[in-house]
Amino acid sequence: GTTVLLPLRTNARAKMHGHRDGFVKLFARKGSQIVGGGVVVAPNASELIHSITLAVDNRLTVDQLAQAFTVYPSLSGSVAEAARRMHATQ
Numbered sequence: 002g003t004t005v006l007l008p009l010r011t012n013a014r015a016k017m018h019g020h021r022d023g024f025v026k027l028f029a030r031k032g033s034q035i036v037g038g039g040v041v042v043a044p045n046a047s048e049l050i051h052s053i054t055l056a057v058d059n060r061l062t063v064d065q066l067a068q069a070f071t072v073y074p075s076l077s078g079s080v081a082e083a084a085r086r087m088h089a090t091q
């Protein structure tokens, strides 16, 4: 499979709140690039994991998750950004 880890410190909202620790990690199936899961270590992680859960339950691809609308700046933008970075490494 494919894995990408995005440090939370790269997120604009995290910078605004002084959050330096944490990350979003996505896993996708090789070939199909269907999102297989993820890990969120961040403030309000239970809110951030929601979009990953929806992606897994609905068998969304990395591209579909990357194109998801997110509010800017928000911590949830890290999930879509991780998906965009995963797409770029394909």
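Residues 2 to 91, numbered by this note's numbering, are exactly what the sequence shown covers, in order.
Ideal Cβ positions, reconstructed from N, Cα and C, are used throughout, including at glycine.
Note that the coordinates shown come from a computational prediction; the quantities given were computed from them, not determined experimentally.
Where residue i falls, given that 16 or more other Cβ within 10 Å makes a residue buried
i: Ser-47; result: exposed
i: Gln-68; result: exposed
i: Ala-13; result: exposed
i: Gly-2; result: exposed
Pair within 8 Å by beta-carbon distance, residue i and residue j
i: Leu-49; j: Val-36; result: no
i: Leu-27; j: Val-5; result: yes
i: Leu-7; j: Ser-79; result: yes
i: Leu-66; j: Ala-43; result: no
i: Val-72; j: Met-87; result: no
Reduced DSSP secondary structure (H/G/I, E/B, other) of residue i
i: Val-63; result: helix
Reference residue i, options the options, closest by Cα
i: Phe-24; options: Ala-83, His-88, Thr-90; result: Ala-83
* To do: Ignoring anything shorter than 3 residues or poking outside the segment 18 to 65, list the beta strand (DSSP E) runs there in chain order.
  => 24 to 29, 36 to 42
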